[in-house]
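The structure under discussion appears below in the form of structure tokens.
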Amino acid sequence: MGKLFYQGHGSYRIVSDRGIVIYVDPFAGEGYDLPADIVLISHEHPDHNQLSLIQQKAGCVVLRPETILVDGIYGSQTIHGISVQAVPAYNIGHDKNKCVGYVVTVDDIKIYASGDTSTTDYMKDVLSHEKIDYAFLPIDGFYNMNPEEAAQCAKIIGATHTIPIHMKPGALFDRELAETFVADGRLILEPNDEITL
384 MGKLFYQGHG
394 SYRIVSDRGI
404 VIYVDPFAGE
414 GYDLPADIVL
424 ISHEHPDHNQ
434 LSLIQQKAGC
444 VVLRPETILV
454 DGIYGSQTIH
464 GISVQAVPAY
474 NIGHDKNKCV
484 GYVVTVDDIK
494 IYASGDTSTT
504 DYMKDVLSHE
514 KIDYAFLPID
524 GFYNMNPEEA
534 AQCAKIIGAT
544 HTIPIHMKPG
554 ALFDRELAET
564 FVADGRLILE
574 PNDEITL
């Protein structure tokens, strides 16, 4: 079975059943000890793109908006059997043309890595039909949506589990804020928590 390790803020690591290592928005916390096969960067703000934390395997693929969002087209790739589809991510502080989220399919598990975003039409039009297993949603209410809006997005998407991330600026995690996010299938992970997918 694959594993998911939450590092804190908007950063987490996924390891497939075959040992393929994927990092999402590297920046915070610990758990950068496994060399990467895939790195997913949602946008180029410094709290999402710290590649220097990661040792990359030979042939490591780094996906970022400039490589997977071209002329308004959200691209997809299959890497080591892992399907990665870029999807819209945007709000007043995040340009639609320079930010993406990802739907990652690992061992038949679908993970929605939202990046920094607020509500998007794509959530209703596409994600709600995707049978997402794990959705990661920011809840800081400053750079992104607040817990109430995130709860509405969680209801629209209908993932089996929704994990609140990206809480208070400068903090890896905020339990009090996380508890204010209310959604069916809510799963609160603290930094260094690891779950089996």
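Residue numbers (the working numbering): 384 to 580. Cβ atoms here follow ideal geometry from the backbone N, Cα and C, with glycine treated the same way.
By the Cβ rule, the stretch 424 to 441 does not count as touching the stretch 453 to 467, because fewer than three pairs are nearer than 8 Å. Take A441, set aside five residues on each side of it, and no residue of its chain has a beta-carbon closer than 7 Å to its own. Leaving aside the five residues that flank Y473 on each side, the residues in its chain whose CB is nearer than 8 Å to its CB run, in chain order, K479, C482, T500, S501 and T503. For D508, the three-state secondary structure derived from DSSP is helix. In the three-state reduction of the DSSP assignment, C443 falls in the strand class. Leaving aside the five residues that flank G458 on each side, the residues in its chain whose CB is nearer than 6 Å to its CB run, in chain order, I451 and A469. Each of G414, D400, I437 and D408 was checked against the Cα of F388, and the nearest Cα belongs to G414. Here Q535 carries a helix assignment [DSSP, helix/strand/coil]. At a Cβ-Cβ threshold of 8 Å, M550 and A533 do not count as neighbours. The Cβ-Cβ distance between A566 and T545 falls below 8 Å. According to the DSSP assignment, A496 belongs to the beta strand (DSSP E) that extends over I492 to A496. Between A419 and I437, the beta carbon gap of about 5 Å places them in contact (Cβ cut-off 8 Å). R401 counts as exposed, since fewer than 16 other beta carbons sit within 10 angstroms of its beta carbon. Closest in alpha carbon position to E573, among I403, P448 and G412, is G412. Residue pairing of N474 in beta bridges, as defined by DSSP: H477.
In the structure shown, R401 falls within a coil segment according to DSSP collapsed to helix, strand and coil. In this chain, E427 is not harboured by any beta strand (DSSP E), its DSSP state being neither H nor E.
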